[in-house]
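Participant: Below you will find the structure I want to go over with you.
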Amino acid sequence: MTVQYLHGVETIELDSPSGPVETVKSNVIGLVGTAPDADPDIFPLNTPVAVFSDALKAGQLKSTGTLLDGIDAIYSQKAAVVVVVRVSEGLSQEETWSNAVGSPTGKTGVWSLLKARPMLKVVPKLLVAPGMTSGRPTNGLANLVIGDDGQDYVLSTTHITVAPPTVGGRRATAVPQVVGGKLTGAIITDPGYGYTVAPAITVTGAGTGATVTATLGHVANPVGVAFASIVDRLRAVAFLDGPGTDYADAVQYRSDYGSQRIAVVDPGVLSWDIENSVYVQKPASAYAAGIQARVDEEKGFWYSFSNELIQNIGGPARPVDFMPNDRDCEANMLNSNQVTTIIHDDGFRFWGLRGTGTDPLWAQLSVRRTADMVYESLERAERPRLDKPFSRQLLAGIQGDVNAYLRLLRSRGALIGGKCWIDPNVNTPATFANGELTVDFDLEPPACLEHLQFRARRNPNYYTDFIEEFARSIA
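Set out below in structure tokens:
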């Protein structure tokens with residue numbers, strides 16, 4: 001209230017309490033791929049385009065490339081909101097990967113998905129690039145070996161430069177480790193790909209004498225690595241297609257990732273090709289995203305796509321043996337290594353609900369996604385309170401909003417429990433004077449039942465009842 005002279009009566013309208021917290025849309029799919037014959041006016045390159053269950057618009061992607069197959073896989077599970085990013089198809093697999101990876105600064109390739117919120121007012125939460133994430137380059141920088149550690153090096157001025165590939169591909173990068181003036185190691189920050197021979201390594205800086213030798217080998221899929229770079233920023237999960245060859249390759253592929261928001265699916269699926277009238281192998285990631293989008297809408301974002309029927313497929317691209325009580329079956333072995341697979345059990349189903357992270361509390365994708373939805377929903381709901389002056393009403397309103405939302409989610413089964421509080425030991429006069437407020441809350445998303453154990457034992461005492469019943473029956 002302003003302090004101004006008035007000889008009279010006036011009414012001051014105070015801020016009304018905010019409305020109920022609305023949950024963000026969790027089942028928006030981000031699809032990255034190629035479509036060389038698509039209409040560039042409808043689907044410009046490196047630009048997020050929303051396809052709202054519009055079959056006619058999706059058809060403008062045409063049949064060449066990977067995007068239309070991805071849309072078909074998603075729509076075969078249920079129509080969903082899909083944010084499409086079209087990238088150029090290169091003259092080689094490496095060039096196509098580079099186009100799909102794109103640039104963080106230019107917001108191209110998978111980084112284009114970061115433009116979806118300002119441009120389309122939606123945030124992709126389920127990310128896929130079918131046909132682009134299954135391969136592991138064999139021509140990337142696998143290791144750097146220090147030959148001579150040199151002398152007089154200073155970490156702040158020392159740089160390691162890796163020569164670029166001769167044609168196409170992506171240049172590898174590395175950073176030095178310096179201890180006591182010596183080059184003690186080199187950490188590969190980007191293995192690159194497309195090398196035909198081991199690249200030359202140059203060490204520059206104040207010191208002299210250090211030598212480094214490079215070796216080539218299998219490295220992580222570049223598109224999958226790019227997804228791993230943006231999933232935290234979007235609070236999204238990405239489904240990556242494994243190699244689809246065998247168990248060992250699938251487990252090796254999974255070892256390239258360590259994110260709670262990255263899931264590996266192996267093998268692919270058999271999909272009917274209407275042009276050639278034959279089953280063909282297709283990536284499974286778009287089917288997984290389509291099922292999760294359907295489950296989010298029909299049941300809730302706290303449910304998993306695992307153990308859900310996959311519609312419109314003829315089976316997995318390779319058979320995966322499964323018995324629900326067999327720890328040594330291939331399906332369980334893949335799951336134990338955080339690889340989701342496809343089983344046959346009253347239809348074909350995805351089997352496995354874990355990401356590739358290392359924290360056991362956040363192992364299940366559904367738990368990770370539930371917390372993400374709560375965090376983002378609260379952040380959006382309380383944004384209007386920013387830049388308002390501190391008051392008891394302000395603090396009580398924020399705490400009340402959070403507690404009301406947590407109670408709502410608990411009543412719906414999305415949370416086991418949760419509560420909010422404002423800690424006076426954290427919020428001090430100094431923090432208030434600096435315009436800061438810390439609000440604490442806890443929550444417990446419901447974990448999915450993953451291991452059901454029945455305990456059985458023999459009980460010969462039942463024979464007593466058996467004999468007595470028999471005696472009575474003949475009396």
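Residue 272 in full-length UniProt numbering sits at position 272 of the sequence shown, with consecutive numbering throughout. Ideal Cβ positions, reconstructed from N, Cα and C, are used throughout, including at glycine.
1) State yes or no: is the C-beta of Ala286 within less than 7 angstroms of the C-beta of Asp266?
2) Between which two residues does the alpha helix (DSSP H) holding Ile262 run?
3) Measure how close the beta-carbons of Ala238 and Pro199 come, nearest whole angstrom, since I'm counting them as under 8 angstroms.
4) Could you compute how far the alpha carbon of Ile422 sits from the alpha carbon of Arg410?
5) For the stretch 134-141 against the stretch 186-206, do three or more pairs of beta-carbon atoms, one drawn from each stretch, fall closer than 8 angstroms, so that the two count as touching?
6) Pairing CB atoms from the stretch 113-122 with CB atoms from the stretch 145-165, are three or more of them under 8 angstroms?
7) Between which residues of its own chain and Pro164 is the CB-CB distance below 7 angstroms, once the five residues before and five after are set aside?
8) Out of Thr158, Ala471, Thr166 and Asn335, which one is the CA nearest neighbour of Gly181?
9) Which class does Asp372 belong to by DSSP, given the choice of helix, strand or coil?
10) Give me whichever residues DSSP pairs with Pro36 in a beta bridge.
11) Please specify which runs of the beta strand (DSSP E), each continuous and at least 3 residues long, are wholly inside the stretch 274-328, giving them in chain order.
12) Please determine, among Val175, Ala236, Arg458 and Leu45, the residue with the shortest C-alpha to C-alpha distance to Gly106.
13) Please return the same chain residues whose Cβ sits closer than 8 angstroms to the Cβ of Gly217, not counting the five positions on each side in sequence.
14) For Asn143, name the three-state secondary structure that DSSP assigns.
15) Please classify Ala426: does DSSP put it in a helix, a strand, or coil?
16) Going by DSSP in three states, Gly217 sits in which element: helix, strand or coil?
17) Excluding the 5 residues preceding and the 5 following Gln281 in the sequence, name in chain order all residues of the same chain whose CB lies nearer than 6 angstroms to its CB.
18) Suppose you measure from the CA of residue 476 to the CA of Phe52; what does that come to, to the nearest Å?
19) Exposed or buried, which one is Lys125 when buried takes at least 16 other CB atoms within 10 Å?
20) From the DSSP output, in three-state form, read off Glu444 for me.
21) In angstroms, rounded to a whole number, what distance separates the CA positions of Ala414 and Val128?
22) On the CB-based measure, 16 or more other CB atoms within 10 Å of its CB, does Trp272 come out buried or exposed?
23) Does the distance from the C-beta atom of Glu444 to that of Val24 stay below 7 angstroms?
24) State the Cα-Cα distance for the pair Val21 and Val402, rounded to the nearest angstrom.
25) Tell me which residue opens and which closes the beta strand (DSSP E) that Thr204 is part of.
26) So Gly224 is in the alpha helix (DSSP H); what residue range does that whole segment cover?
27) At what residues does the alpha helix (DSSP H) containing Gln177 begin and finish?
28) Verify whether the separation of the beta carbon atoms of Phe305 and Val295 is less than 7 angstroms.
Facilitator: The answer reads as follows:
1) no
2) No alpha helix (DSSP H) holds Ile262; the beta strand (DSSP E) holding it covers Ile262 to Val265.
3) Actually they do not touch by this definition, with Cβ atoms about 29 angstroms apart.
4) 21 angstroms
5) yes
6) no
7) Arg171
8) Thr158
9) helix
10) According to DSSP, Pro36 bridges with nothing at all.
11) 278-282
12) Leu45
13) Thr138, Gly140, Ala142 and Asn143
14) strand
15) First, the residue type needs correcting, since residue 426 is Val and not Ala in the sequence shown. It is coil, neither helix nor strand.
16) strand
17) Gly268 and Ala317
18) With the chain covering only 1 through 475, there is no way to say anything about residue 476.
19) buried
20) strand
21) 25 angstroms
22) exposed
23) no
24) 8 angstroms
25) Ile201 to Thr204
26) Pro222 to Leu234
27) Element bounds for Gln177: not the alpha helix (DSSP H) but the beta strand (DSSP E), Thr173 to Val179.
28) yes
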